[in-house]
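Here is the structure we will look at.
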């Protein structure tokens, strides 16, 4: 495992300083009028020093191939899933913005940074990683990229649907037992948490305990002022959030866990400016907001002697365009059943009574299994339809219905349409626009 030259900062200073070493022999001192360095020359000198340091960093660490999309995002299109970055996302005037956040790693080396990306489906996605020369990326360590010891840039187009949400929402994320490589948890395990039970055929290494991090980050909106969190040892620390987005990033060593955890990402999402906030377990203890002259705080552990609690709704902003759901929508549903291993595939089709133009709204299918003893305790299941849809378009979806031995009865289901709280949940509390049923033979 590579620790990426924890003393790299000193090497940068040395590399940059070498460009401006003092001459071996000290020139004779002459008394006269002082020379003023022109402002432009001073600025150019500073730029050269920074450029030299950045170049030296790339030589010390080395740059490898960029990170590639995986899973469903590999086949992303502008009209499906979370979408893709809007056109121009790679330019300084596009939708991808590397925030002015630079957080030191507890073990040294490259600092951590954060980027916000707007997508074609109206979502706001968050990317975190290590910073090198104004680029965001991951490190080839902890089983990632075969431990090649290189920096791998994270392109704006490589999005994680678990860190995409509505831009009108608070988002609070906590990545526990995250490797210092900075790759967020996903379908692949790159290294196993120290002390965990590694499957017999698993080839991934164990993560060094020194490389485990607890990383908290999020976007709290334009009224957020600061976040307070607890550091190892119990002390509280307060840091300001960025202006505009209200973004924050906290990187700590992972304290010992009672149960081994191979990386996890939890998230909480709420409509902007509606309180109180009840987010999942995080190092955050309180968050401070300012609305005009009024300052308030919210969180699990409000600061003693701090401002009053944030309560109710402090915003009159209308819901996002295209997110209103008209009542009384209805569409017939056709069904064709096909036998499949351990159950049936139900091919459903219906005409969309209203268009879906972004991720603010969505259609979904819900099924309710027979409530009989022979069918067991099968709960309600659903399948969101994550794509843009034209009004009147015929939507086809296949739903699998499990049939256990001896299970008979009627499977009932419905098509719903409604507002979608995040990138992958599907509509919540939506309108029922169609129903179907199927008798298990």
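Residue numbers (our numbering): 269 to 709.
Where a beta carbon is used, it is the ideal one built from N, C-alpha and C, also for glycine.
These figures come from a predicted structure and were not determined experimentally.
*List the residues that DSSP assigns as beta-bridge partners of residue 495.*
Note: residue 495 sits in a beta bridge opposite 507 and 555.
*Pick out whichever of 615, 632, 610 and 703 has its Cα sitting closest to the Cα of residue 674.*
Out of 615, 632, 610 and 703, 610 has the C-alpha closest to the C-alpha of residue 674.
*Which same chain residues, not among the five before or five after residue 494, have their C-beta less than 8 Å away from its C-beta?*
The residues are 506, 507, 508, 509, 555 and 556.
_Judging by CA-CA distance, which residue of 634, 656 and 613 is the nearest neighbour of residue 647?_
Minimum Cα distance to residue 647 is reached at 634.
*By Cβ distance, which residues of its chain are closer than 6 Å to residue 580, with the 5 residues on each side in sequence left out?*
Answer for residue 580: no residue qualifies.
*asked:* Once the 5 residues before and after residue 490 are set aside, which same chain residues still bring their CB inside 8 Å of it?
replied: Within the same chain, and ignoring the five residues on either side of residue 490 in sequence, the residues whose Cβ sits closer than 8 Å to its Cβ are 511, 512, 513 and 514.
*For residue 685, count neighbouring Cβ atoms within 10 angstroms of its own Cβ and tell me buried if that reaches 16, exposed if not.*
Around the beta-carbon of residue 685, 16 or more other beta-carbon atoms lie within 10 Å, marking it buried.
*By the 10 Å Cβ neighbour count, where 16 or more other Cβ atoms means buried, how is residue 420 classified, buried or exposed?*
Residue 420 comes out buried.
*DSSP beta-bridge partners of residue 601*: Paired residue(s): 618.
_I believe residue 383 touches residue 366 by the beta-carbon criterion, under 8 Å. Please report the beta-carbon distance rounded to the nearest angstrom._
Contact holds; Cβ gap of about 5 Å.
_Only counting the same chain, and skipping five residues up and downstream in sequence, which positions put a Cβ closer than 6 Å to that of residue 658?_
Within its own chain, the residues whose Cβ lies closer than 6 Å to the Cβ of residue 658, once the five positions on either side in sequence are excluded, are 623, listed in chain order.
*In or out: residue 638 buried (at least 16 other Cβ within 10 Å) or exposed?*
Flag for residue 638 reads buried.
_8 Å contact criterion, which residue 347 and residue 656 should meet: CB distance rounded_ = So it is a contact: roughly 4 Å between Cβ atoms.
*Whole angstroms is fine: what's the gap from residue 660's alpha carbon to residue 462's?*
Put simply, the backbone Cα of residue 660 is about 54 Å away from that of residue 462.
*How big is the Cα-Cα spacing for residue 398 and residue 342?*
So the two alpha carbons sit approximately 22 Å from each other.
_In whole angstroms, give me the CA-to-CA distance for residue 550 and residue 442._
For residue 550 and residue 442, the distance between alpha carbons rounds to 6 Å.
_Residues in the same chain with beta-carbon distance under 7 Å from residue 413, minus the five sequence neighbours each way, listed in chain order, please._
These residues qualify, in order along the chain: 332 and 420.
*For residue 635: DSSP bridge partner residues*: Beta-bridge partners assigned by DSSP to residue 635: 649 and 681.
*Could you tell me whether the Cβ atoms of residue 439 and residue 402 are closer together than 8 Å?*
In this structure, residue 402 does not lie closer than 8 Å to residue 439 by Cβ.
*Return the residue from the list 679, 391, 381 and 385 that minimises the CA-CA distance to residue 404.*
Residue 404 has its Cα closest to that of 381, out of 679, 391, 381 and 385.
*Could you spell out where the beta strand (DSSP E) holding residue 520 opens and where it closes?*
First-last of the beta strand (DSSP E) with residue 520: 515-521.
*Determine the direct distance from the alpha carbon of residue 645 to that of residue 530, and round the result to whole angstroms.*
Taking the Cα positions, residue 530 is about 30 Å away from residue 645.
*Three-state secondary structure (DSSP) of residue 701*: Residue 701 falls in the strand class under three-state DSSP.
*What residues in its chain sit with their C-beta under 7 Å from that of residue 459, if we drop five residues either side in the sequence?*
The residues are 410, 411, 447, 472, 473, 474 and 475.
_For residue 383, the three-state DSSP class (helix, strand or coil)_ = In the structure shown, residue 383 falls within a strand segment according to DSSP collapsed to helix, strand and coil.
*asked:* Quick check on the burial criterion: 16 or more other C-beta atoms within 10 angstroms. Buried or exposed for residue 355?
replied: Exposed is the call here.
*Is the number of C-beta pairs between the segment 701-709 and the segment 667-682 that are closer than 8 Å three or more?*
Touching, yes.
*Please determine, among 484, 539 and 480, the residue with the shortest C-alpha to C-alpha distance to residue 522.*
Shortest Cα-Cα distance from residue 522 to any of 484, 539 and 480 involves 480.
_Once the 5 residues before and after residue 599 are set aside, which same chain residues still bring their CB inside 6 Å of it?_
Spatial neighbours of residue 599 in its own chain (CB-CB distance under 6 Å, excluding positions within 5 residues in sequence) are listed in chain order as 618, 619, 621, 701 and 702.
_Out of 375, 450, 604 and 687, which one is the CA nearest neighbour of residue 533?_
Measuring from the Cα of residue 533, the nearest candidate turns out to be 450.
*Use the C-beta contact count for residue 372: other C-beta atoms within 10 angstroms, 16 or more gives buried, fewer gives exposed.*
Residue 372 should be labelled exposed.
*To the nearest whole angstrom, what separates the beta carbons of residue 538 and residue 613, a pair I think is in contact under 8 Å?*
Rounded, the Cβ-Cβ distance is 37 Å, inconsistent with contact.
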